[in-house]
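K.L.:
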Amino acid sequence: MPDSLLVDPEWLAAHRDDPAVHLVDVRELWEYDTIGHIPGAVTIPFDSYRDDDSPDPGTLPGADAFGQLLGEAGIDPDDTIVAYDDTHGVFAARLLVTALAYGHEHVALLDGDFSAWQRAYETTTESPTNEAVSYEIDGLAPTAPIVDRAAVETAIADETATLLDTRNEAEYDESHLPGAIRIDWREFVDDESRGVRPAAEIETLLTDRGISTDRDQRIILYCNTSRRLSHTFVVLRSLGFTDVVIYEGSMTDWEAAGGVTETTA
């Protein structure tokens, strides 16, 4: 099974027939059915695994709902989920973070997307036959890469973590967490290959922004849109940063609760 949160199309081509590898397409259903998909992929559309009204933080869908989604797709707790979309992986990354939050250990993002795959490999409009399984989730896993508001406040006060804001420039300039550095997930992506840029290029980008490349530092990501921070999470973890976590609350919620912020003049 993959030793990274990113797998390239060559790896997937060699492993997609492995019964322990479950390929998941998170695009809209009409895209899956009409445009086609990678052979063997099941469909779990993006909107099905996000819920603003669930009892869990942010847009996490709730343990029961997510367990039902995976079970209906025939995915067992020990299987490897490889997810993709056709938007450089930003929507698929959210599925992986959600799976990790609920304790599913083996996940990976296709490095590239459906268009990148289509350049070199076959696609299909035929849906696979999958037998549903029982997948029970008790709640957020103890290893969930999520921190609460109090943890963020402590990190700000003690300066014990690097805070990364994954929103756009206008959002950041208007208001951001004290000391936070803005990073746009799209800067990690190569438009031509549609995959993640080489590690050396990303390290240069981080250094230019004043972000340490120390793999052991704690990094806290936040955003108003969960998919953007999820993609950044996958990229940083794939590069060997071991302590990357997510604050699921939005800046809107943070400010409504009286949280301290900064603006960019």
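So the sequence shown is numbered by the numbering used here: it starts at 1 and just counts up by one. We treat Cβ as the ideally placed atom computed from N, Cα and C, and that holds for glycine.
(1) Can the beta-carbon of A266 be found closer than 8 Å to that of P2?
(2) Counting Cβ pairs closer than 8 Å, one from the stretch 241 to 261 and one from the stretch 183 to 202, do we hit at least three?
(3) Suppose the cutoff is 8 Å on Cβ atoms and the five residues either side in sequence are ignored; what does the same chain contact list for V234 look like?
(4) Report yes or no: do the stretch 154 to 162 and the stretch 211 to 226 share at least 3 C-beta pairs separated by less than 8 Å?
(5) Assuming contact is defined by CB atoms lying nearer than 8 Å, are G195 and T124 in contact in what I supplied?
(6) What runs of the beta strand (DSSP E), each 3 residues or longer, lie entirely inside the stretch 190 to 238?
(7) Quick check on D85: buried or exposed, where buried means 16 or more other Cβ atoms within 10 Å of its Cβ?
(8) Just curious, the beta strand (DSSP E) that Y271 is in, first and last residue?
(9) So A20 packs on T80, CB below 8 Å; how close in whole Å?
(10) Specify, as a first and last residue, the run of the beta strand (DSSP E) that L177 falls within.
(11) Leaving out five residues on either side along the sequence, give the residues of the same chain with a beta carbon under 8 Å from the beta carbon of G62.
(12) Should W254 be labelled buried (16 or more other beta-carbon atoms within 10 Å of its own) or exposed?
(13) Mark E248 as exposed unless 16 or more other C-beta atoms lie within 10 angstroms of its C-beta, in which case mark it buried.
(14) Using the Cβ count rule (16 or more neighbours within 10 Å means buried), how would you classify L29?
(15) Mapping DSSP to helix, strand and coil, what is L100?
(16) How would you call T232, buried or exposed, if buried means at least 16 neighbouring beta carbons within 10 angstroms?
(17) Find the nearest neighbour of A13 within the set A120, R228 and E72, judged by alpha-carbon distance.
P.N.:
In terms of the structure at hand:
(1) Any answer about residue 266 is impossible in this case: the structure gives the chain only from 1 up to 265.
(2) Output reads no: the stretch 183 to 202 does not touch the stretch 241 to 261.
(3) So the qualifying residues of the chain are L5, L6, G89, A93, L96, V97 and L109.
(4) Contact check between the stretch 154 to 162 and the stretch 211 to 226: three or more CB pairs, one atom from each, fall below 8 Å, which counts as touching.
(5) The Cβ atoms of G195 and T124 lie no closer than 8 Å to each other.
(6) Secondary structure remark: continuous beta strand (DSSP E) runs of at least 3 residues inside the stretch 190 to 238, in chain order: 218 to 222.
(7) Flag for D85 reads buried.
(8) Here the chain covers residues 1 to 265 and nothing more, so residue 271 does not appear.
(9) About 6 Å; that satisfies the 8 Å criterion.
(10) Neither: L177 is in no beta strand (DSSP E) and is coded neither H nor E.
(11) So the qualifying residues of the chain are D51, S54, P55 and D56.
(12) With 16 or more Cβ atoms within 10 Å of its Cβ, W254 is classed as buried.
(13) Around the beta carbon of E248, a 10 Å sphere encloses 16 or more other beta carbons of the protein chains shown; the residue is thus reported as buried.
(14) Per the 10 Å Cβ criterion, exposed.
(15) DSSP places L100 in helix when its eight states are reduced to three.
(16) Label assigned to T232: buried.
(17) Looking at A120, R228 and E72, the one whose alpha-carbon comes closest to that of A13 is A120.
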